[in-house]
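Numbering (the numbering used here), first residue to last: 1 to 180. Each residue gets a CB set at the ideal place from its N, CA and C atoms; glycine is no exception. Since this is a predicted model, take the numbers as computed values, not measurements. Read the structure below first, then the notes.
Printed below as a string of structure tokens:
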């Protein structure tokens, strides 16, 4: 399907999918290839013309992957909850330039948060329940000085160490716990 085939289509409220390799629900386009359910694109009108301000977790049932730029420029989405997915990677520019993004909840399966994945977003709270999610150095590029980002994480994890390395990111403990 490619990256962001409906970019700039702010008024689009429905997609008629022909064939079995794509699915559309409530402002989200899914790629269904290779036995996986991948978030391909959140329509730019999500939260204002279709669907609500909050995305997930119920609507992400069965999701295994997210494409790069999947939520890019979704300016009317404020909360994304991926906790019910089995996503391992948050690709480059996944949440890029989201004007109203307040919080993202990641699943405990996340192992990598790539560079620029939250660049220019207005994120305030990121929940990282996993033990060792590697976070690229520039994952939050250009967010410095905008506001403090709260990392809800477990003390001593990679996310905790990452947060402590940046003055605009503060770790917050007691909100998530590691399961044994």
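- DSSP places residue 89 within a strand segment (E or B) once states are collapsed to three.
- For residue 127, the uninterrupted beta strand (DSSP E) segment begins and ends at 125-127.
- Taking the Cα of residue 13 as reference, the smallest distance to any Cα among 41, 51 and 23 is reached at 51.
- Annotated as distal: residue 37 and residue 54, with beta-carbon spacing of 8 Å or more.
- The continuous stretches of alpha helix (DSSP H) do not include residue 24, which lies in the beta strand (DSSP E) extending over residues 22-25.
- From the listed residues 159, 155, 23 and 28, the smallest Cα separation to residue 7 is found for 28.
- In the DSSP assignment, residue 48 is bridged to no other residue.
- Rounded to whole angstroms, the separation of the alpha carbons of residue 96 and residue 168 is 18 Å.
- Between the C-alpha atoms of residue 33 and residue 68 there is a straight-line separation of about 16 Å.
- Short of 6 Å from the beta carbon of residue 170, and not among the five residues preceding or following it, lie these beta carbons of its own chain, in chain order: 148 and 150.
- From the listed residues 20, 111, 142 and 120, the smallest Cα separation to residue 131 is found for 111.
- Ranked by Cα distance from residue 122, the first of 56, 76, 152 and 129 is 76.
- Note: residue 134 is bridge-paired with 112 in the DSSP secondary-structure output.
- Going by DSSP, residue 31 is part of the beta strand (DSSP E) stretching over 28-31.
- Assigned with DSSP and collapsed to three states, residue 159 falls in helix.
- Sequence-distant partners of residue 141 (beyond 5 residues in either direction) whose C-beta falls short of 6 Å from its own C-beta, in its chain, are 116 and 119.
- DSSP places residue 71 outside both helix and strand once states are collapsed to three, so it counts as coil.
- By DSSP's assignment, residue 55 forms a beta bridge with 80.
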